[in-house]
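**Q** Residues in the sequence shown are numbered consecutively from 233, following my numbering.
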Amino acid sequence: MNSPIFMIREPQATPYTQAAVAMLPGLGPSVKATVRQPGLQLDAERIVETVDALERRIQERFPGSGLGRIASQLGTIAQGTMERLGRAAEPILPLRIAAGLGIVALLVLLIELIVTAEFPSGGPNFFELVEALEAGGNILIFVGLLVIFLVTLEGRIKRRRALHALRDLRALAHIVDMHQLNKDPDKVLHPEDDTPSSPQRDYSQALTARYLDYCSELLSLVSKVAALYAQTFDDPVVLSAVEEVETLTTTLSGKIWQKIMILDRTVTPPYQ
């Protein structure tokens, strides 16, 4: 029996999770379920194993086919995603240290301005304190902006990496769609209607249905790999990109299943 691609883990919900979801009310139910129910999570290792098993099935059924190479590429991406998400959970220590030093420098600067300031009334009151801080206002603003930049830099770096990976998954989904475009059920059922420019059709009705089924499985796994980012990142931009990938794969898979249903009217494809 194949292992499931999800597993139960101890809840690790944070307030940022709900905030991120609230900022994107248009998210689909699958992404919301992944984000809002942290106790139920996709298992990256099981997804990688499922992709590898699908690649073997495709290679056995269609040796040397382009679809098998796509499955191999998806396996590489899934493995890289598992490693990338493991690193994303770890802090970028140089940035954390730099941000901490910036905060310390800002506090030291504030204390120095207050200690070295002269207060005519003998003790600092609110207005004299404001005047003392204004003397070093430019420096305070510069150091403050630097601290904000350093504090947010880590999140922006991780977001950029995630978005780059999600763009690769979106491109892979389009490549899968390109491979199923010429698998026209009507042309398979009525080859006599072909023209000299029609694409060569080497597969029977049953094999064409199986080929389309593999395309649908690949798209589903592309979606699952993308969903791994939704359960790791609370960033609303990343969640929106995941939703785009899921919407794309669902739409493309729907087109494929329309073709499979037409073929199933006349033949029952073999299953493996």
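Cβ atoms here follow ideal geometry from the backbone N, Cα and C, with glycine treated the same way.
Computed from a predicted model, the values in this text were never measured in an experiment.
Using the C-alpha atoms, what's the distance from M410 back to L190?
**A** The requested residue 190 is not part of the displayed model; the chain covers only 233 to 504.
**Q** Rounded to whole angstroms, how far is the Cβ of V470 from the Cβ of R391, which I believe are closer than 8 angstroms?
**A** Rounded, the Cβ-Cβ distance is 6 angstroms, consistent with contact.
**Q** Output needed for D467: all residues of its chain with C-beta closer than 6 angstroms, excluding positions within five of it in sequence on either side, in chain order.
**A** Excluding sequence neighbours, D467 sits near R391.
**Q** For the alpha helix (DSSP H) holding Q563, just list the boundary residues, first then last.
**A** Residue 563 lies beyond the residue range present for the chain, which begins at 233 and ends at 504; the question has no answer from this structure.
**Q** Are the Cβ atoms of C286 and L453 separated by less than 8 angstroms?
**A** The sequence shown places Leu at residue 286, not Cys. Yes.
**Q** In its own chain, which residues sit with a C-beta less than 6 angstroms from the C-beta of V283, not counting the 5 before and 5 after it?
**A** Closer than 6 angstroms at the Cβ level, and outside the excluded window around V283, lie L306, G307, A310 and L453.
**Q** Once you ignore the five residues that flank I407 on each side, which residues in its own chain have a CB closer than 8 angstroms to its CB?
**A** Correct list, in chain order: I302.
**Q** Could you give the DSSP three-state label for L413: helix, strand or coil?
**A** DSSP places L413 in coil when its eight states are reduced to three.
**Q** Closest to Q450 by C-alpha separation, out of R328, R278, P295 and S304, would be which residue?
**A** Inspection of the sequence shows that residue 450 is occupied by Leu rather than by Gln. The shortest Cα separation from L450 among R328, R278, P295 and S304 belongs to S304.
**Q** Just the Cα atoms here: how many angstroms apart are L393 and L338?
**A** It should be noted that the sequence gives Arg, not Leu, for residue 393. So the two alpha carbons sit approximately 30 angstroms from each other.
**Q** Pull up the CB-CB distance for L274 and K456, whole angstroms please, since I reckon it's below 8 angstroms.
**A** About 6 angstroms; that satisfies the 8 angstroms criterion.
**Q** Does the count of Cβ pairs from the segment 375 to 386 and the segment 327 to 341 closer than 8 angstroms reach three?
**A** Because the criterion of three Cβ pairs below 8 angstroms is met, the segment 375 to 386 and the segment 327 to 341 touch.
**Q** With C-beta atoms as the reference, is Q412 less than 8 angstroms away from I290?
**A** Not in contact: Q412 and I290 (Cβ atoms no closer than 8 angstroms).
**Q** Taking the alpha helix (DSSP H) that E315 falls in, what are its first and last residues?
**A** From DSSP, the alpha helix (DSSP H) with E315 extends over G298 to A320.
**Q** How would you call S485, buried or exposed, if buried means at least 16 neighbouring beta carbons within 10 angstroms?
**A** It counts as buried.
**Q** Using the C-alpha atoms, what's the distance from H396 back to A321?
**A** The straight-line gap from Cα to Cα measures roughly 17 angstroms.
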